[in-house]
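A short write-up of the structure that comes next.
See below:
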């Protein structure tokens, strides 16, 4: 999931503007929204005697005032030591309470635990799991997956409650904990282009100009090549267009539509479906729209978040756009 240890918040607007190549210079940035925000959870370790409980909380404001942003993924990392019975651990946000751990015996006994709970981990936490690693929350009755937080607001109060059970014979020392909150988009350079679709995420380039079509925007490309020539068209003359993507869960299909005032920018155009991943998103397939701009395809078998994009160097008069991300769950 999102890298780093802190409260990672990937926040941005999805842009619809991809203008025709022109000067290719870096335009002034809008209000940049960092992709990673660190939120300290503990100022110092806390010792809990048997039967004691502690709750630590913080509030995330709406990133860049975007109160409409929702959670696409949430992970929790924590470490604790010096105990006989594993503590009960709960994460609470927006009325959702997810239990991450029960009274599991440590393995080996009295060892230090350093755990990350992540729905995309390979295995769930279980009794006698190794003392360090990445786990799904336990898959037993009464335990929800972390995806229960999906679609809840990014902004708001977050709390972690740790309880040392009455049955324990030793204290628990909670050393630290970190929440990693990842909305579906982020825009660190403030150019209005989603980070995953931005061809130059380190410098603001709303036009996304890429003269040599190598996938690296002119603003980041030391050798952008010569500007293309298009008779009768100057910078900014591209027709805006939008692309949508929805997941029909019962039919396990992806459907969407490309819309533009220009028929040639919506009819029989290519739409690329991407699998959103932590480091580098992966192109899954390319579909062609119908005459009315709609398209449909079988949903991928691999679970995860997917989105659609339109726009390429071969369509200089048509704008680019990226859809919202949709989650495809394991069948």
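Numbering (mature numbering (1 follows the signal peptide of the UniProt record, and there is no 0)), first residue to last: -23 to -1, 1 to 308.
Yeah, the Cβ is synthetic: ideal placement off N, Cα and C, and Gly gets one too.
- The bridge partners DSSP lists for residue 156 are 53.
- Contact between the stretch 162 to 169 and the stretch 56 to 72 is not established, with fewer than three Cβ pairs separated by less than 8 Å.
- The beta carbon of residue 89 sits closer than 7 Å to the beta carbons of 56, 58, 108 from its chain, once the five residues preceding and following it are set aside; these are given in chain order.
- In this chain, the beta strand (DSSP E) harbouring residue 35 covers 30 to 37.
- Listed in chain order, the non-local C-beta contacts of residue 306 below 7 Å within the same chain comprise 280, local neighbours out to five positions each way being set aside.
- For residue 286 against residue 251, the beta-carbon gap comes to about 7 Å, under 8 Å, which counts as contact.
- A straight line joining the alpha-carbon of residue 194 with that of residue 259 spans about 19 Å.
- Of all C-beta pairs linking the stretch 45 to 52 to the stretch 137 to 154, fewer than three are shorter than 8 Å, placing the two stretches out of contact.
- DSSP places residue 125 in the helix class (H, G or I) of the three-state scheme.
- Counting only residues of its own chain and dropping the five nearest sequence neighbours on each side, residue 239 has a CB closer than 6 Å to the CB of 216.
- Residue environment analysis places residue 263 among the exposed positions, since fewer than 16 neighbouring C-beta atoms fall within 10 angstroms of its C-beta.
- Fully enclosed alpha helix (DSSP H) runs of no fewer than 4 residues are not present anywhere in the stretch 164 to 194.
- Residue 256 and residue 173 have their alpha carbons spaced roughly 10 Å apart.
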